[in-house]
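Data first, discussion second: the structure below is written as structure tokens.
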Amino acid sequence: ILLPFPWWWGASAMAVVVRRRAPGLLRRLVASAAGCVVARAASIWEVGRPQGHVETREDLPSARVFFEEYVRAGDGVGKPVLFKGAARRMPAFELWNDDYLREAHGQVILDQVETEKKETRTALPKEDMTLAQFLDAYNSSSLYSVAKTPAGLADEVFLLPFMNCGGFHHKLAETVTWVSSGSTKSVIHKDGQQNVHCMFAGKKEWVLWSPRTPIAKRKNGWVVADEEGESNPAFKNAYGSFAGKIDVDNVEVERFPAWAEFKWWSMTLEAGDCAFVPRSWFHFVESPPVRSVSVHIWFFEPKEFDQASCDKFDEHSVDPSGYLVRISDCSWGYEQGGAGPNARGTKCKIRRPASGEL
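Given below as structure tokens:
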């Protein structure tokens, strides 16, 4: 085997290059040939069949294009996409340093703060911590905000313009603000809602698998926590459904061989970017050891595209491609089949670029 290393490199230097450049099983074979110890532990980045980065756009699509080419793509499976720079026009991108957040919003309540950076879904979160208390502690602890976006902060984040019309306002589920000092790792899971995720500080690296990938099977390490906890003490206090038996730092391919064949896509979300992750796409997310701040918007798509709501912009001579709707301008809490106050639908106030409502 011809190796891409100078002969004078040590085994540790070779291993670094191998780890970064050679995918999957090839990476471990090259490492072995280079005289390194064959690593039995394979991270989630080292298994399966990488398909490259998701589509990246430098512009934002229209509402109809977003609906047809991303939300409903692939016979309804959806298509992930990265929107470079889409969050830069929101006030949060310029404002949300720790000093500003403490001074302007320090007394708002974070309703959920995780206590572990590597998610296991077994540790109970903290509740009702003020933002100031969180900011005082998070840089020297494992605290990780996963709170519903509080009042005040919600004034400084906007829906992306392709959600201004088309029917996207009618089924808004939840918006969550994520804040950590970095080095976080999620479990492998999927969400039941469509997701627009915007990054205001730091970076997040994603692995994405199509909903057609048979991840949600017991033989592939998937657990339903309530059921698993009845016989497995490790999941006694766990919640949700996720790939609970897959350690993202040490995937046991011998025990779960299907993971060696799963196709996956990568996505790098940097400060100022937004991404669309279709519902039911399995994903894993990790962040490097730097401050990380982002907001996601969960929603359900309309059954049909609502062209009439877009035509209203023409009637009022307003450009629908602007940042017109703050998340505080909307009601939230839609649940499909739910019985809550917004079960029949949510709504948003659409503001003209200067002032007033549409």
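Mapped onto my numbering, the consecutive letters of the sequence shown carry residue numbers 660 to 1017.
Glycine included, C-beta positions come from ideal geometry on N, C-alpha and C.
A quick note: this is a predicted structure, and the numbers were derived from the prediction, not measured.
Coarse secondary structure for residue i, derived from DSSP in three states
i: Q792; result: helix
i: L783; result: coil
i: A967; result: helix
i: P1000; result: coil
i: H828; result: helix
i: H712; result: strand
i: K941; result: The sequence shown places Phe at residue 941, rather than the Lys named in the question. The answer is strand: DSSP assigns F941 an E or B state.
i: R761; result: helix
i: I703; result: helix
i: S800; result: coil
i: K743; result: coil
i: R877; result: helix
i: M749; result: coil
i: R985; result: strand
i: F817; result: strand
i: V846; result: coil
i: V936; result: strand
i: A893; result: helix
i: A732; result: coil
i: V805; result: strand
i: E994; result: coil
i: W868; result: strand
i: W1018; result: Because residue 1018 is not part of the residues shown, which for the chain are 660 to 1017, the question remains open.
Sequence-distant residues of the same chain with beta carbon closer than 6 angstroms to residue i, five excluded per side
i: Y797; result: S840
i: E887; result: F894
i: S987; result: A813 and D814
i: G997; result: none
i: F901; result: V846 and H848
i: R708; result: K922
Bridge-paired residues (DSSP) for residue i
i: R950; result: DSSP lists no partner for R950.
i: D906; result: N909
i: T834; result: I956
i: I768; result: T789
i: K863; result: L928
i: K1008; result: K1008 is not bridged to any residue.
i: S900; result: V883
i: Q853; result: F958
i: S721; result: DSSP output for S721 lists no bridge partner at all.
i: E773; result: Y803
i: S839; result: S951
Identity of the residue in the options nearest residue i by Cα
i: E775; options: V838, A722, G765 and M749; result: V838
i: G744; options: K904, W940, E929 and T781; result: E929
i: F921; options: T834, V910 and T927; result: V910
i: S869; options: M788, G899 and V713; result: V713
i: V706; options: E913, Q852 and G851; result: E913
i: P809; options: D770, S800 and F821; result: D770
i: S976; options: T1005, G996, R1010 and G735; result: R1010
i: K849; options: P937, Y729 and R950; result: P937
i: P820; options: Y729, F859, S721 and V740; result: S721
i: A967; options: K1008, R723, A884 and I703; result: R723
i: P739; options: R716, W704 and S900; result: R716
i: A860; options: E728, L741 and G931; result: G931
i: Y856; options: A701, R950 and C933; result: One detail in the question is off: residue 856 reads as His in this sequence, not Tyr. Taking only the C-alpha atoms, the option nearest H856 is C933.
i: V835; options: M822, V907, M858 and P873; result: M858
i: V949; options: N756, K862 and E974; result: K862
i: G733; options: R871, T927 and P1000; result: R871
i: F726; options: S702, E889, M822 and D906; result: M822
i: A701; options: P916, T927 and N1001; result: P916
Proximal residues to residue i (C-beta, below 8 angstroms), its chain only, five neighbours per side dropped
i: R731; result: G737 and E960
i: V772; result: P784, K785, E786, M788, F793, L802, Y803, S804, V805 and A806
i: A832; result: Q852, W957, F958, F959, W991, G992, Y993 and E994
i: Q766; result: T789, L790 and A791
i: R780; result: V846, A884, A897, Y898, G899, F901 and G903
heavy atom of the ligand FMN below 7 angstroms from residue i C-beta
i: V944; result: Of the ligands one can find in the structure shown there are none, so the ligand FMN has no counterpart to examine.
Sequence-distant residues of the same chain with beta carbon closer than 7 angstroms to residue i, five excluded per side
i: K904; result: G880 and V882
i: P750; result: E815
i: Q710; result: K922, W923 and W924
i: L760; result: L790 and L794
i: E778; result: K844, S845 and V846
i: F752; result: A746, F859 and G931
Contact with chain C by residue i, beta-carbon distance below 8 angstroms
i: V838; result: Among the chains in the structure shown there is no chain C, since it carries only a single protein chain.
* Asked: Can we say the segment 878-885 touches the segment 982-999, given the rule of at least three CB pairs closer than 8 angstroms?
  -> Between the segment 878-885 and the segment 982-999 there are fewer than three inter-stretch CB-CB distances shorter than 8 angstroms, so the stretches are not counted as touching.
* Should the segment 960-977 be regarded as contacting the segment 821-829, the criterion being three or more beta carbon pairs within less than 8 angstroms? -> Touching, yes, given that three or more Cβ pairs across the two stretches are closer than 8 angstroms.
* Kindly confirm or deny that the segment 860-868 and the segment 934-942 touch, where touching means at least three C-beta pairs closer than 8 angstroms. => Between the segment 860-868 and the segment 934-942, the count of Cβ pairs shorter than 8 angstroms is three or higher; the stretches touch.
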